[in-house]
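For reference, the structure discussed in these notes is given below.
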Amino acid sequence: MAEGHAVIRWARRLAPLVGAPLTHVQMPKRWGDRPAGLVGQHLQEPRTHGKHLLLPLSGGETLHCHGAQYGSWQVGERPLDLRKEEKHVRLWLQTAAHEAVFYHGPTVELLTPEELAEHERLTSLGPDVMAPLPDHTPGGTFDRAEAARRIRARGDDPIKPVVLDQRVVAGVGNIYASEGLFLAGVDPRRPAAEVTDAELDALWDAVHPMMWDGTTRYGRTKTTPPELREQGHDRWVYQRKGKPCLVCGTPIELVRLPPYDRATYLCPTCQH
């Protein structure tokens, strides 16, 4: 699933279309004639919140996209050589010089300002762990206090699936949750309410730079420093079951935690 860093990459890739009049808009059939009414409008600066991409339009409406597991964008100068069959296209935007195609994403919505303000899924999101500035560079404000409040409210639930719950913290996915908890020294099975403020700060201090580093990279997610990558180690614990911990040498363990039994990796020595 596209995590917060990947959605920021999507927003950046759409830059060539920003400010130019739309000449064609294609959406799923259920939207009827509404896409045609967007022709002539301008795409404004894309916004992100967690795993959600928001494309404001000059007419006041907003396109809302969520990629889930398989969504992806293709952006370039016209004409594009589509890399997938047109039946997989969910959103197609064209200007005189550029076009952008969104494949497979299950969520493509055109929202009025009122619908956007009252959107249950969007308004329930927790603080955005990336907290980007408008130009999508680091330095925005992630509300750590609100994140801590939402985490503690989950009581005895294991901290790992709580961090993955987008209603608690928006943008973190499975890889970064496992890697961040390792670097913070927190056992993913620990009750959420027992994780201290200092441990949560250590978690965010680990996750934030890793995810921002991911906004400039494509392909396999890498979380280790360059010196370890040069030795062939690009992740601390994720998908390293049975291999020695890069810090202490203890074999990495794989556990599955409710409610979704997502693969969770940990070092039983380094994480408590």
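Residue numbering for the sequence shown is 1 to 272, as defined by UniProt numbering.
Even for Gly, the Cβ is constructed at its ideal location relative to N, Cα and C.
> Should Y238 go down as buried or exposed, given a rule of 16 or more other Cβ atoms within 10 Å for buried?
Replying inline: Residue 238 sits at position 238 when you count from the first residue of the sequence shown. Y238 is buried by the Cβ-count criterion.
> Quick one: is R240 buried, meaning 16 or more other Cβ sit within 10 Å of its Cβ, or exposed?
Replying inline: Indexing the sequence shown from 1 puts residue 240 at position 240. By the 10 Å Cβ count, R240 comes out buried.
> Comparing the CB of A96 with every heavy atom of the ligand GTP, is any distance shorter than 7 Å?
Replying inline: Of the ligands one can find in the structure shown there are none, so the ligand GTP has no counterpart to examine.
> Taking the runs of the beta strand (DSSP E) that are 3 residues or longer, which of them lie wholly in the UniProt domain "FPG-type" (236–272)?
Replying inline: 253–257 and 262–266, all fully within the UniProt domain "FPG-type" (236–272).
> Of all the options E109, L183 and R12, which has the alpha carbon lying nearest to the alpha carbon of L25?
Replying inline: Here residue 25 corresponds to residue number 25 of the sequence shown, with the count starting at 1. Checking the displayed sequence, the identity of residue 25 turns out to be Val instead of Leu. Of E109, L183 and R12, the residue nearest in Cα terms is E109.
> If we call anything under 8 Å between Cβ atoms a contact, is L91 one with M27?
Replying inline: Within the sequence shown, numbered from 1, the residue matching residue 91 stands at position 91. Within the sequence shown, numbered from 1, the residue matching residue 27 stands at position 27. Taking 8 Å as the Cβ cut-off, L91 and M27 qualify as a contacting pair.
> To which residues of the same chain is P106 closer than 6 Å at the C-beta, ignoring the five residues directly before and after it?
Replying inline: For the purposes of this step, residue 106 is taken as residue 106 along the sequence shown, with counting starting at 1. The residues A68, in chain order, have a CB closer than 6 Å to that of P106 in the same chain once the five nearest residues on each side in sequence are set aside.
> Buried or exposed: P225, going by 16 or more other Cβ atoms within 10 Å of its Cβ?
Replying inline: Looking up residue 225 in the sequence shown gives position 225. P225 comes out exposed.
>> Quick check: V172 and G4, are their CB atoms within less than 8 Å of each other?
In response: The residue you call residue 172 lines up with position 172 of the sequence shown. The residue you call residue 4 lines up with position 4 of the sequence shown. Yes, Cβ-Cβ distance for V172 and G4 is below 8 Å.
> Would you report the Cα separation of E227 and V7, rounded to the nearest angstrom?
Replying inline: To locate residue 227, count along the sequence shown from 1; it is residue 227. To locate residue 7, count along the sequence shown from 1; it is residue 7. As the crow flies, the alpha-carbon of E227 is around 28 Å from that of V7.
>> Between W236, V207 and W31, which has its C-alpha nearest D128's C-alpha?
In response: Within the sequence shown, numbered from 1, the residue matching residue 128 stands at position 128. Taking only the C-alpha atoms, the option nearest D128 is V207.
> With 16 other CB atoms within 10 Å as the buried threshold, where does H272 fall?
Replying inline: Position 272 of the sequence shown, counting from 1, holds the residue named residue 272. H272 comes out exposed.
>> Tell me the rounded alpha-carbon separation between S178 and E45.
In response: To locate residue 178, count along the sequence shown from 1; it is residue 178. To locate residue 45, count along the sequence shown from 1; it is residue 45. Looking at the backbone, the Cα of S178 and that of E45 are separated by about 32 Å.
> Who are the near neighbours of M210 in its chain, counting only those whose CB is closer than 8 Å to its CB and skipping five residues on each side?
Replying inline: By one-based count along the sequence shown, residue 210 stands at place 210. Counting only Cβ-Cβ distances below 8 Å, and skipping sequence neighbours, we find Y176, E179, G180 and T223.
> D128 bridges to which residues according to DSSP?
Replying inline: Here the question's residue 128 lines up with position 128 in the sequence shown. DSSP lists A170 as partners of D128.
>> Taking the beta carbon of V39 as the centre, do at least 16 other beta carbons fall within 10 Å, making it buried, or is it exposed?
In response: Here the question's residue 39 lines up with position 39 in the sequence shown. Burial call: exposed.
> Between E61, R190 and K51, which lies nearest to G37 when the distance is taken from Cα to Cα?
Replying inline: Here residue 37 is taken as the residue at index 37 of the sequence shown, counted from 1. Nearest option by C-alpha distance: E61.
>> With DSSP as the reference, identify every bridge partner of H25, one or two as the case may be.
In response: Numbered from its first residue, the sequence shown carries residue 25 at position 25. A small correction: the amino acid at residue 25 is Val; His does not occupy that position in the sequence shown. Its beta-bridge partners are L93.
> What residue does the beta strand (DSSP E) around residue 301 start on, and which one ends it?
Replying inline: Any question about residue 301 goes unanswered here, given that the chain covers just 1 to 272.
>> What would DSSP say about Y103, mapped onto helix, strand or coil?
In response: Indexing the sequence shown from 1 puts residue 103 at position 103. Secondary structure of Y103 (DSSP, three-state): strand.
> To the nearest angstrom, how far is it from the Cα of L183 to the Cα of T264?
Replying inline: Here residue 183 refers to the residue found at position 183 when the sequence shown is read from its first residue. Here residue 264 refers to the residue found at position 264 when the sequence shown is read from its first residue. Each residue's alpha carbon lies about 14 Å from the other.
>> As a quick exercise: from K243, T250, C65 and H49, pick the residue whose alpha carbon is nearest that of V101.
In response: Looking up residue 101 in the sequence shown gives position 101. Nearest to V101 by C-alpha distance, out of K243, T250, C65 and H49, is C65.
> Any idea if P35 is buried or exposed, counting beta-carbon neighbours within 10 angstroms, 16 or more meaning buried?
Replying inline: Here residue 35 refers to the residue found at position 35 when the sequence shown is read from its first residue. Per the 10 Å Cβ criterion, buried.
> Using the C-alpha atoms, what's the distance from Q94 back to V75?
Replying inline: Position 75 of the sequence shown, counted from the start, is the residue given in the question as residue 75. Position 94 of the sequence shown, counted from the start, is the residue given in the question as residue 94. Between V75 and Q94, the alpha-carbon positions lie close to 10 Å from each other.
> DSSP state of E109, grouped into three classes?
Replying inline: Your numbering for residue 109 matches position 109 in the sequence shown. Correct three-state label for E109: strand.
> Closest to P158 by CA distance: which of R190, A97, L125 and C267 is it?
Replying inline: Working through the sequence shown from its first residue, we reach residue 158 at position 158. Ranking the options by Cα distance to P158, first place goes to R190.
>> Our contact map puts H42 next to A11 with C-beta atoms below 8 Å; I'd like the distance itself, whole angstroms only.
In response: Against the sequence shown, residue 42 aligns to sequence position 42. Against the sequence shown, residue 11 aligns to sequence position 11. So it is not a contact: roughly 16 Å between Cβ atoms.
> Leaving out five residues before and five after C245 in sequence, what residues of the same chain have Cβ atoms less than 7 Å from its Cβ?
Replying inline: Within the sequence shown, numbered from 1, the residue matching residue 245 stands at position 245. Excluding sequence positions up to five before and after C245, its CB lies within less than 7 Å of the CB of I252, C267, T269 and C270, all in the same chain and listed in chain order.
>> What residue range does the alpha helix (DSSP H) around H208 cover?
In response: Mapped onto the sequence shown, residue 208 falls at position 208. Unbroken alpha helix (DSSP H) run through H208: D197 to G214.
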